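> Residue numbers (our numbering), protein chains in the order written: chain A, 1 to 367; chain B, 368 to 734; chain C, 735 to 1101.
Think of the CB as a built atom: it goes at the ideal place given N, C-alpha and C, for glycine as much as any other residue.
If you're wondering where the values come from, they're calculated on a predicted model, not measured in any experiment.
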Amino acid sequence: MSEKLTKVQRAAKVAGRRMADHTTPFINNMWYIAAFTDEIKRELIARTILGKQLVFFRQEDGSPTALDNRCGHRSFPLSKSKLEGDTIVCGYHGMRYDASGTCIEVPSQKGCGCSGISIRSFPVVERGPVIWIWMGDEELADPAKIPQLPMLEEGWVTSHDHMDLKANYVYLHENLLDLTHLSYLHAATFGTPDYAEAEFETKITEDRMFLKRNVVPTRLPPVWGKPTNLEGKDAARITTSDFVSPALHIVHAEFYDINIPESDRPDYRIKTAHFATPATQHETHYFVLHGRNFALTDDSVTDFMHGQLMAAFDEDVVGLAAVDELIRNHDGEDYYEISVASDKAAVAMRRYLKKLSDAEHVASSSD
Amino acid sequence: MSEKLTKVQRAAKVAGRRMADHTTPFINNMWYIAAFTDEIKRELIARTILGKQLVFFRQEDGSPTALDNRCGHRSFPLSKSKLEGDTIVCGYHGMRYDASGTCIEVPSQKGCGCSGISIRSFPVVERGPVIWIWMGDEELADPAKIPQLPMLEEGWVTSHDHMDLKANYVYLHENLLDLTHLSYLHAATFGTPDYAEAEFETKITEDRMFLKRNVVPTRLPPVWGKPTNLEGKDAARITTSDFVSPALHIVHAEFYDINIPESDRPDYRIKTAHFATPATQHETHYFVLHGRNFALTDDSVTDFMHGQLMAAFDEDVVGLAAVDELIRNHDGEDYYEISVASDKAAVAMRRYLKKLSDAEHVASSSD
Amino acid sequence: MSEKLTKVQRAAKVAGRRMADHTTPFINNMWYIAAFTDEIKRELIARTILGKQLVFFRQEDGSPTALDNRCGHRSFPLSKSKLEGDTIVCGYHGMRYDASGTCIEVPSQKGCGCSGISIRSFPVVERGPVIWIWMGDEELADPAKIPQLPMLEEGWVTSHDHMDLKANYVYLHENLLDLTHLSYLHAATFGTPDYAEAEFETKITEDRMFLKRNVVPTRLPPVWGKPTNLEGKDAARITTSDFVSPALHIVHAEFYDINIPESDRPDYRIKTAHFATPATQHETHYFVLHGRNFALTDDSVTDFMHGQLMAAFDEDVVGLAAVDELIRNHDGEDYYEISVASDKAAVAMRRYLKKLSDAEHVASSSD
Chain A
1 MSEKLTKVQR AAKVAGRRMA DHTTPFINNM WYIAAFTDEI KRELIARTIL GKQLVFFRQE
61 DGSPTALDNR CGHRSFPLSK SKLEGDTIVC GYHGMRYDAS GTCIEVPSQK GCGCSGISIR
121 SFPVVERGPV IWIWMGDEEL ADPAKIPQLP MLEEGWVTSH DHMDLKANYV YLHENLLDLT
181 HLSYLHAATF GTPDYAEAEF ETKITEDRMF LKRNVVPTRL PPVWGKPTNL EGKDAARITT
241 SDFVSPALHI VHAEFYDINI PESDRPDYRI KTAHFATPAT QHETHYFVLH GRNFALTDDS
301 VTDFMHGQLM AAFDEDVVGL AAVDELIRNH DGEDYYEISV ASDKAAVAMR RYLKKLSDAE
361 HVASSSD
Chain B
368 MSEKLTKVQR AAKVAGRRMA DHTTPFINNM WYIAAFTDEI KRELIARTIL GKQLVFFRQE
428 DGSPTALDNR CGHRSFPLSK SKLEGDTIVC GYHGMRYDAS GTCIEVPSQK GCGCSGISIR
488 SFPVVERGPV IWIWMGDEEL ADPAKIPQLP MLEEGWVTSH DHMDLKANYV YLHENLLDLT
548 HLSYLHAATF GTPDYAEAEF ETKITEDRMF LKRNVVPTRL PPVWGKPTNL EGKDAARITT
608 SDFVSPALHI VHAEFYDINI PESDRPDYRI KTAHFATPAT QHETHYFVLH GRNFALTDDS
668 VTDFMHGQLM AAFDEDVVGL AAVDELIRNH DGEDYYEISV ASDKAAVAMR RYLKKLSDAE
728 HVASSSD
Chain C
735 MSEKLTKVQR AAKVAGRRMA DHTTPFINNM WYIAAFTDEI KRELIARTIL GKQLVFFRQE
795 DGSPTALDNR CGHRSFPLSK SKLEGDTIVC GYHGMRYDAS GTCIEVPSQK GCGCSGISIR
855 SFPVVERGPV IWIWMGDEEL ADPAKIPQLP MLEEGWVTSH DHMDLKANYV YLHENLLDLT
915 HLSYLHAATF GTPDYAEAEF ETKITEDRMF LKRNVVPTRL PPVWGKPTNL EGKDAARITT
975 SDFVSPALHI VHAEFYDINI PESDRPDYRI KTAHFATPAT QHETHYFVLH GRNFALTDDS
1035 VTDFMHGQLM AAFDEDVVGL AAVDELIRNH DGEDYYEISV ASDKAAVAMR RYLKKLSDAE
1095 HVASSSD
């Protein structure tokens, strides 16, 4: 039986079809983060990215390498096989692959004659602490398009972490573009009650969405207040959410004592990169790279801020998993989402993702 | 490969299409029990009813309230949100809903302008120890159609419980309408060997099915024998199964010593309401409300009978889950069920459920 | 997005459609092993074979019996019912079935009149330590077609075991027909490095595939080397893989010291029957019956060899489950398998299985 939707809800349901969600095919022609550099070592590990099962390892010269995790002969997972030098020897029948995925040896026959067994390799680029991967059309893989990560510049110090998010990556991007949730989902960590009501500006370009929030005056939560000594003072908290690509969102923030003239203020800024790499439609590798431009040599500040931040981001992981679970169990017939003014950037972002996905998958199916 | 069904089995397979089963859409236009009154308190709880995810709470004046569990903005479960007075504040972005499901506050914007975000509320009616809910067309929700529960009358004492049944609700109704299973499924608890072979009468009206069984003479099982002091005596056990609605079945029974003239006999009667509230097609909230008209002030009798009864009903829960699991794993192609004489009322009931479902879902799809 | 397959891979993908895999319907008209004789006793056990849920028991005269596990009345599993003499009394409403599956009693009615309730029985034949079952068209069930098991002849001693394989049965047959995997999957147990590169001959008939491998000279692994005292010597290991039927594969092997003239050599031979009985498309009952023609009276040799063999076969169980899991999670669009020379027999076998399945299921659907 169909619920009686209101006119507004019906319109929202129709409008929703133009927005990406957990049913939208992945965008392949894009640089995503596959791993932090310290995750890829001289051993074989399996990781699913954009629905594809991959195997990762580092070559003897240190180059990170990503291959299809499936032996082209009889589908044994290469991640359960043996790394010998820069080659993988399949754990089933011994087919040997070089780092380009070319099968170079079939033990049961001389001369191999096995080019067809060769498997796909994926372009990877290591930049500082992150390894980028290109899952799409290899001809389009242009490293010049890899986004810059400003927290990796000189004069900044960083920490990073990796979480398993049991939700579609679109919902993570949306979460990051509407920080009104800080007052609610993060009430116990780094949200403050005034956050949701603060003034905001939206800036939307063809492929990038920004939301800037000036929370002034406010009191800073411990994660920002303690290391800046601004705790308990009338402070400003200026935050910009920046959707950089389907793979990356950067949050920029600065903090200062509003009773100190601009020229005399210490420069307290943080930048947090949130990398959303879809594994499946309901699982996302959620990587975080956090940087600050103060207390550069104090490891205890790094530890404190990292711990506080990850506790907050864990609230997102729990909350988004609850949303995804509810949606998965919803019959869908009467499903709609109503957007409000502060969703403007998020809605633009979801339409942009939908457009990218449509373009790629329509193009591909007419190949 | 198709098994070779006999002619009788083929006919049974065809006839089965007229009977409700786990593939039949739910009947929404009906009063179901949502909960016992003591389950709904001043806190938010989630419960799935007829496939819909709901949130329940009690208002400050004590009124039980049922709403869609999904925030109309971005689908956060309200059951994981905050109850403030008679409102729910969504745990994600702070949308505030009143007890009617109307969104009355969007923190990020003044004046709200958010009527579309409002969610559906469901009519609930509290009657004694039970809370009824109407999941269907609200215009048809007539509290006058809520069935009477005779064990709540004066001169009766009751106890109640709530089980999670991992089976479709149709199979629970069928179980209750064919008590021949007492001699087998309940051989270890309140069944006796003579039960299955006892004479029975069936009465079938348009929307109600009865099956009356006179087990005379018999020996009573402890649950009835002990509190009546009829254990070990030649007794009568007269039971009527009464299918009241898709949501409710009442079992009436009386017991007496057949060697005592009717005029001198103590009046020992019990009435057990079995409420079947579908959660999903393979999960049912199974509520039991048991009453007796004797030993009214003796709590130890209540405890004894309740314990004995629940042990027996747990055998139904285990048995029906085994049936449901077998059916789920059956390929279906050669599935059929053969009915016998004592199934007459159950078959009529399943046809009635199918007719109700068809009427509602055909009507709805032509909206 | 479609990956760019090479021409060879595209051809392999097309060729793959002629080979059986986990999507190929089961072959019913075939004798499979249902159980070892010691698994079927005077009690009811459930086992799923070719997707059908069955109940097994042994009659009072010792005859093994297989029936549909579903009561024809209301689908209660007979495996959770009661065995009385040679009959099963359904645990729900007491329907009584004889060993032929005929319903001979309905407690709630005299005279039964219940022939339609009767359920299907399946032909079973007990031969030595194994019980064969025929799941297909009963008219075609010819015990003369049950394969001979040479390790049951006089002068041989056997041991047996039963494993649950979480993979499709086709992949087990393929594993057995290409023993190049011994050098890799079984490197830690009974494989040796020279195995994969050894010369082999293939023999393919219409319904039988053989692969013979002469590993000469070699060193024997402990499982063969210790009981023959050939450990550490220059030995021959001559192995023949023999695909007997969709249900059975036999591995024959002989071992000798190559420095002893043929006329003086002790006769060391083993024969291992691998029975693949599909439960579902991703679960297989994997039965092993191993025989040897030496050390006939030494139980410690039996224990030693059995332990060593089962450790090796467990590597197959783990490896094939990994393959099956990878395939299940593969999107399939770009799936292909490339075969090499040593797969010739395996490919012929998979084509043969596909042909048998097609013949049966096309015939059946045109009934």
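Is there a Cβ of chain B sitting closer than 8 Å to that of Tyr990 (chain C), yes or no?
Chain B contact via Cβ: absent.
> Indicate whether at least one CB of chain A lies closer than 8 Å to the CB of Met735 (chain C).
Low local confidence applies: a pLDDT of 37 at Met735 (chain C) is under 50, so the model's placement there is unreliable, with the coordinate-based value given in what follows. Taking Cβ atoms only, chain A reaches closer than 8 Å to Met735 (chain C), which makes this a yes.
> Is Leu552 (chain B) close to chain C? Criterion is C-beta to C-beta, closer than 8 Å.
Yes, Leu552 (chain B) counts as interfacial toward chain C.
> How would you call Ala196 (chain A), buried or exposed, if buried means at least 16 neighbouring beta carbons within 10 angstroms?
Classification of Ala196 (chain A): buried, given that the 10 Å Cβ count is 16 or more.
> Could you tell me the distance, in whole angstroms, from the CA atom of Gly1041 (chain C) to the CA atom of Val1081 (chain C)?
Distance between the alpha carbons of Gly1041 (chain C) and Val1081 (chain C) is about 31 Å.
> So Asn117 (chain A) contacts chain C; which residues on that side make the cut at Cβ distance below 8 Å?
In the sequence as displayed, the identity of residue 117 (chain A) is Ile instead of Asn. By Cβ distance, chain C contributes Ile1072 and Val1074.
> Which residue marks the beginning of the beta strand (DSSP E) containing Glu126 (chain A), and which one marks its end?
From DSSP, the beta strand (DSSP E) with Glu126 (chain A) extends over Val124 to Arg127.
> Determine the DSSP secondary structure at Lys374 (chain B), reduced to helix, strand or coil.
Of the three classes helix, strand and coil, the one that applies to Lys374 (chain B) here is helix, per DSSP.
> Report yes if the C-beta distance between Ile33 (chain A) and Trp132 (chain A) is below 8 Å; otherwise report no.
In contact: Ile33 (chain A) and Trp132 (chain A) (Cβ atoms closer than 8 Å).
> Please list, in chain order, all residues of the same chain as Tyr336 (chain A) whose beta carbon is under 8 Å from its beta carbon, the five residues on each side excluded.
Result list for Tyr336 (chain A): Leu5, Gln9, Arg10, Ala12, Lys13 and Gly16, in chain order.
> When the cut-off is 8 Å and only beta carbons count, does Val323 (chain A) lie next to chain C?
Answer no: the Cβ-Cβ gap between Val323 (chain A) and chain C never drops below 8 Å.
> So, are the CB atoms of Tyr635 (chain B) and Val684 (chain B) less than 8 Å apart?
The answer is no: Cβ separation not under 8 Å.
> From the beta carbon of Pro217 (chain A), is the nearest beta carbon of chain C less than 8 Å away?
Chain C, which has no Cβ nearer than 8 Å to the Cβ of Pro217 (chain A), makes this no.
> Between which two residues does the beta strand (DSSP E) containing Gln787 (chain C) stretch?
Here the beta strand (DSSP E) through Gln787 (chain C) covers Lys786 to Arg792.
> Could you tell me which uninterrupted alpha helix (DSSP H) segments, each at least 4 residues in length, are contained entirely in the stretch 486-564 of chain B, listed from first to last along the chain?
DSSP runs (the alpha helix (DSSP H)) wholly in the stretch 486-564 of chain B: 536-544.
> Name the chain B residues that come within less than 8 Å of Leu289 (chain A), Cβ to Cβ?
Per Cβ cutoff of 8 Å: no residues; Leu289 (chain A) is ~25 Å from chain B at best.
> Return the CA-CA distance between Phe294 (chain A) and Trp156 (chain A), expressed in angstroms with no decimal places.
Those two C-alpha atoms are separated by around 7 Å.
> With 16 other CB atoms within 10 Å as the buried threshold, where does Ala341 (chain A) fall?
Counting Cβ neighbours within 10 Å, Ala341 (chain A) comes out exposed, since fewer than 16 surround it.
> Nearest to Met897 (chain C) by CA position, among C:Lys814, C:Ala1093 and C:Leu1023, is which residue?
It is C:Leu1023.
> Could you check whether the stretch 790-806 of chain C touches the stretch 914-921 of chain C, counting it as contact only if at least three pairs of C-beta atoms, one from each stretch, sit closer than 8 Å?
No, the stretch 790-806 of chain C is not in contact with the stretch 914-921 of chain C.
> Starting from Asp242 (chain A), trace the beta strand (DSSP E) both ways and give me its first and last residue.
Looking at the DSSP string, the run of the beta strand (DSSP E) that includes Asp242 (chain A) is Ala235 to Ser245.
> Have a look at His894 (chain C) and Ala311 (chain A) and give me their C-alpha separation to the nearest angstrom.
Going by the C-alpha atoms only, they are around 54 Å apart.
> Could you list which residues in chain C have their beta carbon closer than 8 Å to that of Leu693 (chain B), in chain order?
Near Leu693 (chain B) (Cβ distances below 8 Å), the residues of chain C are Gln787, Asn803, Arg804, Ser809, Phe810 and Pro811.
> Would you call the CB atoms of Pro924 (chain C) and Pro955 (chain C) closer than 8 Å?
Checking the sequence shown, residue 924 (chain C) turns out to be Phe, not Pro. Yes, these two residues count as a Cβ contact at 8 Å.
> Lys354 (chain A) and Arg74 (chain A): beta carbons closer than 8 Å?
Contact flag unset, no.
> Leaving aside the five residues before and after Ile1004 (chain C) along the sequence, list all residues of the same chain whose C-beta is less than 6 Å from its C-beta, in chain order.
Answer for Ile1004 (chain C): Ala987 and Arg1026, listed in chain order.
> Quick one: what does DSSP say Pro961 (chain C) is sitting in, helix, strand or coil?
Of the three classes helix, strand and coil, the one that applies to Pro961 (chain C) here is helix, per DSSP.
> Give the range of the beta strand (DSSP E) segment to which Phe680 (chain B) is assigned.
Note, Phe680 (chain B): premise wrong, no beta strand (DSSP E); alpha helix (DSSP H) at Asp666 to Arg695.
> Could you pull the start and end residues of the beta strand (DSSP E) that Arg1026 (chain C) belongs to?
Start and end: Glu1017 to Arg1026.
> Going by DSSP in three states, Tyr718 (chain C) sits in which element: helix, strand or coil?
Nothing about residue 718 (chain C) can be read from this structure; chain C reaches only from 735 to 1101.
> Count the other CB atoms within 10 Å of the CB of Arg328 (chain A); is the residue buried (16 or more) or exposed (fewer)?
It counts as exposed.
> Less than 8 Å between the beta carbons of Phe1038 (chain C) and Lys960 (chain C), yes or no?
Yes, they are a contact pair.
> Looking at Asn175 (chain A) and Leu320 (chain A), is the spacing between their C-beta atoms short of 8 Å?
Cβ distance < 8 Å, so Leu320 (chain A) and Asn175 (chain A) count as in contact.
> Is the Cβ of Val375 (chain B) closer than 8 Å to any Cβ of chain C?
Output row for Val375 (chain B): interface = yes.
> Which term fits Thr1031 (chain C), buried or exposed, when burial requires 16 or more other beta carbons within 10 angstroms of its beta carbon?
With fewer than 16 Cβ atoms within 10 Å of its Cβ, Thr1031 (chain C) is classed as exposed.
> Counting contacts by CB-CB distance shorter than 8 Å, is Asn329 (chain A) in contact with chain B?
Yes, because at least one Cβ of chain B sits closer than 8 Å to the Cβ of Asn329 (chain A).
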